[in-house]
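Numbering (numbering that gives the first Met the number 0), first residue to last: 0 to 116.
Cβ coordinates follow ideal geometry from the N, Cα and C atoms, glycine included.
Bear in mind the structure is a predicted one, so any value in this text is a computation, not a measurement.
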Amino acid sequence: MPVEMSEEDFEALVADELDLLPDDMMAGLENVQFSVEDRAEDGSMSLFGLYHGIALTHRGNYGFGELPDLITIYRDAHLAHCNDIDELRDQIHVTLVHEIGHFYGMDDEQLHELGWG
């Protein structure tokens, strides 16, 4: 059975999982914003998160005045996929690492090879 959770509780869980990520992973995140949305724009329930921005490996004259990169976590997909709170925590963790990996320039194939796909 899918997990049920309020928007506020889900956002708090995402924040908790962000706090648990290793310092060396988080230290390089500059000008990155995290958000929680119910679903992807296309209504997909198979997309857990999305990175929108310019990966570090592709930045040229990136500097002051640039809009922040955005990592979005999709609440409904997580809740529908997970059967309990522990599974939900694990999936949020995997999604955060996956999307942060995109920020650092890793593609889906590399992330799958590392077990973060």
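Anticipated Cβ contact below 8 Å, residue i with residue j, distance rounded
i     : j     : result
Asp68 : Val31 : 5 Å
Ala76 : Leu46 : 6 Å
Limits of the unbroken alpha helix (DSSP H) element including residue i
i     : result
Glu10 : 6-19
Asp22 : 22-26
Delimiting residues of the beta strand (DSSP E) encompassing residue i
i     : result
Val31 : 31-36
Pair within 9 Å by beta-carbon distance, residue i and residue j
i     : j      : result
His80 : Pro21  : no
Tyr50 : Phe102 : yes
Leu28 : Gly104 : no
Gln90 : Gly100 : no
Met73 : Gly52  : Note that residue 73 corresponds to Tyr in the displayed sequence, not to Met. Result no, Cβ atoms of Tyr73 and Gly52 do not sit closer than 9 Å.
Val13 : Leu95  : yes
Phe33 : Leu17  : yes
Asp41 : Glu6   : no
Ile70 : Glu112 : no
* **Unbroken stretches of the alpha helix (DSSP H), 4 residues or longer, contained in the region 40-111** => Qualifying alpha helix (DSSP H) stretches, in chain order: 74-80, 84-102.
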